[in-house]
DNA sequence: CTGTTAGCGCATTCAC
DNA sequence: GTGAATGCGCTAACAG
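Residue numbers (UniProt numbering), protein chains in the order written: chain A, 1 to 332; chain B, 1 to 332.
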């Protein structure tokens, strides 16, 4: 009678226990990854029964009692935040290697966040990694019912730990590089200035340029994209300067394509060009753009350290920082 | 006494019910997205209480009884399978808009699949979308305890439905384009030939070339990557032909960079170059490569049709197909 | 319309 | 070592 109902559903631990002729508790212990007290022969019988039935534990049910779901939420604006595929590949691979799974949330806009918040369309997770700058720590904590949220978007509201690249270092190096090559005037091509990260980045550039005696003659606004780079490069405001600093590699690529003639044999003739992000441009011969990057391995390992031991990161105090560095290529 | 224990844990529906002075069932109904019978005033009290407590349902517990988790597994080899960010952005956005979440699995290798299988390191999900060609339908069904797996990797073992681009169409158009331009000899640059998709693709090229009287003088092996494209282009076997067909855009990019001089002003001089995938190359002026693509909207909408009504796709019979087409650009 | 009850699948006391 | 009993948070089924 029981078996008839069970036909279309997965075998549960009770089925395994029954087949092995032991209690559910014993079956549970034998199947546990930690070593719990079970006699050898019973353990063997349980394992055999589980194998025979093709038993797979229902992780959802398990998490109901263990209070840990082994789910990590990764929150981005768009998938395009993944433009650095290497970074995300490393991150996801590492998360999986500690036995956790990634649940993926694309928010796209602030309204979407609020909608998720209202409808509770989100699982309770062990931790949340926030790359989106539409989301604040408080909202994320409420959405996922998790106190362990790590801000990776450059926002640091003091209530949650964060790990951020220390952009000041790389920017200082890039500007120093320009100064050493006799650059006296420069333009700055910026992205979404509403973002606090971008504001900080711009401030860093200005400070370093002031320090090095480089005069900022123009500030042009893009949106990080290749197309916006082309846009500013073709605009009437496009200035004549010794150097152009961009807050993204993609914009630098667009600028380079518009001004190909300024880089005969890829060497800078009219102005030196600096990007940001250190995309794997090095792959593409057509865009040998000097840039600013950081070591992805250390960045990801800090994130994993948080997932493993969140308590080490304190009560929202910790702001872990990874150094950036200048990567010289042909365009500078 | 109860309240003291509750301090550090989320409010449950029982707390809401208590505060509202109703039974748990009533609270459950009032909070349900579907309209269940509840009197107006009680519903109001429940909603108010839930709001006051900041109640968010535990979706895990819910799915234990409803048997539906609203989780869709997306299985890829590497995140680099996401190279088509537009496609995945659309996909994930659409999945979320029907109230489901994406859980993300990177398998990387066949061994990894088996490991997941052994350890049951996977949730039961409503459906699985398989982009990885390391995974067969049977394994995925077992891993996720779901009968609804959709093969998107070109493998169609008859036990699961699939949606695949019909590459024959685009390939025929591309080869026809070459023939119309007087191409008489061609080389084929291939990717991972162990993949069934790739084999089919190669077969299509050969068939069309035979039909159009184009002689295949060389078959060079890459691995889809930009670097491998550069590799074959620099190898001693690199032939002199009227056209080069590549089974990926990235390889075509590598070839183009090595043979820049063959494309003065981006127009083909020594040979015509054809890629595959139709990456958003159009963005990058430096790589105006003719390619083969398909409409991502229809592709994604077919996937969503599966998620909404899997039964329409029959018992593993359905092989839905979306047409590909040739996208002419400067290099041909 | 409403409240009570009984599970969902699992891990975990606590006695034996 | 073992097993019966209990509960995680929620919804479905059943009576009122």
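Built from N, CA and C at the ideal position, the CB exists for glycine as well.
Using the beta-carbon count (16 or more within 10 Å), is residue i buried or exposed?
| i | result |
| --- | --- |
| residue 295/B | exposed |
| residue 72/A | buried |
| residue 56/A | buried |
| residue 222/B | buried |
| residue 157/A | exposed |
| residue 230/A | buried |
| residue 292/A | buried |
| residue 190/B | buried |
| residue 241/B | buried |
| residue 68/B | exposed |
| residue 95/B | buried |
| residue 282/B | exposed |
| residue 286/A | buried |
| residue 13/A | buried |
| residue 15/B | buried |
Measuring alpha carbon to alpha carbon, tell me which of the options ends up nearest residue i.
| i | options | result |
| --- | --- | --- |
| residue 38/B | 25/B, 48/B, 10/B | 25/B |
| residue 236/A | 219/A, 252/A, 170/A | 219/A |
| residue 185/B | 171/B, 92/B, 208/B, 215/B | 215/B |
| residue 163/A | 11/A, 304/A, 63/A | 304/A |
| residue 375/A | 58/B, 213/B, 284/B | Not covered by the structure: residue 375/A. The range shown for chain A is 1 to 332. |
| residue 249/A | 29/A, 319/A, 77/A, 276/A | 276/A |
| residue 79/B | 285/A, 74/A, 90/A, 78/A | 90/A |
| residue 199/B | 136/B, 155/B, 150/B, 241/B | 155/B |
| residue 182/A | 165/A, 213/A, 63/A | 213/A |
| residue 299/A | 245/A, 92/A, 149/A, 321/A | 321/A |
| residue 114/A | 138/A, 100/A, 124/A | 138/A |
| residue 208/B | 168/B, 187/B, 243/B, 318/B | 168/B |
| residue 272/B | 247/B, 259/B, 243/B | 243/B |
| residue 288/A | 257/B, 142/B, 196/B | 257/B |
| residue 50/A | 62/A, 41/A, 30/A | 30/A |
Assuming residue i and residue j are in contact, meaning their beta carbons sit under 8 Å apart, how far apart are those beta carbons, in whole angstroms?
| i | j | result |
| --- | --- | --- |
| residue 332/B | residue 178/B | 7 Å |
| residue 309/B | residue 170/B | With 8 Å as the limit, residue 309/B and residue 170/B do not qualify as a contact, their Cβ atoms being about 28 Å apart. |
| residue 284/B | residue 226/A | 7 Å |
| residue 129/B | residue 152/B | 6 Å |
| residue 110/B | residue 74/B | Contact flag wrong, Cβ pair sits at about 18 Å. |
What does residue i pair with, by DSSP beta-bridge criteria?
| i | result |
| --- | --- |
| residue 166/B | 323/B |
| residue 215/B | 185/B |
| residue 105/A | 75/A |
| residue 274/A | 245/A, 290/A |
| residue 130/B | 75/B, 151/B |
| residue 190/A | 221/A |
With H, G and I counted as helix, E and B as strand and the rest as coil, what does DSSP make of residue i?
| i | result |
| --- | --- |
| residue 155/B | coil |
| residue 222/B | coil |
| residue 229/A | helix |
| residue 240/B | coil |
| residue 309/A | coil |
| residue 98/A | coil |
| residue 175/A | helix |
| residue 88/A | helix |
| residue 285/A | coil |
| residue 266/B | helix |
| residue 60/A | helix |
| residue 11/A | coil |
| residue 51/B | helix |
| residue 4/B | Residue confidence for residue 4/B is low, a pLDDT of 34 falling below 50, so the modelled location carries little weight and cannot support an answer. |
| residue 21/B | coil |
| residue 135/B | coil |
| residue 123/A | coil |
| residue 34/A | coil |
| residue 67/A | coil |
| residue 279/A | coil |
| residue 298/A | helix |
| residue 250/A | helix |
| residue 329/B | coil |
| residue 27/B | helix |
| residue 43/B | helix |
| residue 355/A | Here chain A has residues from 1 to 332 only, and residue 355/A is not among them. |
| residue 318/B | coil |
Any heavy atom of the ligand ATP within a distance shorter than 7 Å of the CB on residue i?
| i | result |
| --- | --- |
| residue 44/A | This structure simply doesn't include the ligand ATP, nor any ligand for that matter. |
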